[in-house]
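For reference, the structure is listed below as structure tokens.
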Amino acid sequence: MNLFIDTTNWSLIYLLEKDDQIIASYEKRDIKKISDIAVEELKLFLAKEGLTVRNIENIYVTTGPGSYTGVRIGLAVAKTLKTLNNDYNVFVANSLMFQAGDEPTISLLDARGNKSYLGIYKNSQPLINETVVTNNELPAIFKQYPEMKVIRDYENISFVKNYLKLKNKFEEVKNIADLNPVYIKNFI
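Residues are numbered in my numbering as their position in the sequence shown, beginning at 1, plus a constant of 53.
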């Protein structure tokens with residue numbers, strides 16, 4: 054059984070998957086205090102399916118960028134589970150890439166302060182290094198990549214579809230000390 058976790062962008066997302074079939078999904082958006090509910094909601098989510106964390110074999114988690122606190126919560130859950138049971142395999146993916154899916158996409162996440170985290174992807178591969186840009190720079194970027202779809206802040210994405218398409222793009226983290234958030238900082 055595989056567990057997918059995303060808490061990076063003011064949302065709490067859990068997916069249960071086995072043999073490329075989604076068993077259950079949980080999605081709660083626009084949460085300011087994910088840390089207050091993440092663990093309890095995970096227990097309830099698993100219990101609803103008659104499962105516990107002992108039934109999980111692999112953990113897939115997004116690493117950011119995104120909400121500073123949100124990024125850390127999903128990783129803290131994954132680290133805690135891995136610490137309790139070293140047999141878990143943990144896999145990670147960048148939130149911008151996950152949002153883009155496998156289509157040619159300009160992926161944007163709110164970086165606050167009139168800025169956005171930016172990634173540009175084709176076939177889930179970055180065409181640029183992920184960065185932070187001012188929102189005033191975006192029209193020029195859109196002109197530079199007119200064939201690209203623009204996705205912002207997880208709007209209208211299917212977590213199920215993107216997870217199933219991108220599961221093999223997640224990278225395994227063997228050492229728990231290497232399970233780190235992605236923080237992109239630019240001084241603009």
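C-beta atoms are modelled at their ideal positions from N, C-alpha and C, and glycine is treated no differently.
Contact annotation, N62 with N111: C-beta distance approximately 22 Å; criterion of less than 8 Å not satisfied. Comparing alpha-carbon positions, the option among I76, E80, F57, D72 lying closest to L65 turns out to be E80. Annotation: G172 is outside any alpha helix (DSSP H); the continuous beta strand (DSSP E) that includes it extends over 168-175.
Under the three-state reduction of DSSP, P179 is assigned to strand. Within the same chain, and ignoring the five residues on either side of R82 in sequence, the residues whose Cβ sits closer than 6 Å to its Cβ are S64.
Under DSSP, N111 takes part in a beta bridge, and its partners are N55, N142. Per DSSP, reduced to three states, the secondary structure at S211 is coil, with no helix or strand assignment.
In this structure, DSSP gives V92 a helical state, which the three-state scheme calls helix.
Counting of Cβ neighbours within 10 angstroms places Q152 among the buried residues, the total reaching 16 or more.
Where L128 is concerned, the enclosing alpha helix (DSSP H) starts and stops at 121-137. Secondary structure of Y216 (DSSP, three-state): helix. Here V124 is near P234, since their CB atoms are less than 7 Å apart. When DSSP states are grouped into helix, strand and coil, L161 belongs to the strand group. Contact between the region 140-148 and the region 100-115 is present: three or more C-beta pairs spanning the two stretches fall below 8 Å. Nearest in C-alpha terms to V203, of all of S160, P118, Q197, N209, is S160. Comparing C-alpha distances from D231 to each of A131, D72, I87 shows the shortest one belongs to A131. Cβ neighbours of K222 within its own chain (closer than 8 Å, five residues either side excluded): A146, M150, S177.
By the C-beta criterion, the region 163-182 is judged not to be in contact with the region 86-95, since fewer than 3 inter-stretch pairs fall below 8 Å. DSSP places K202 in the uninterrupted beta strand (DSSP E) bounded by 202-205. In the DSSP assignment, I194 falls within the unbroken alpha helix (DSSP H) covering 191-197.
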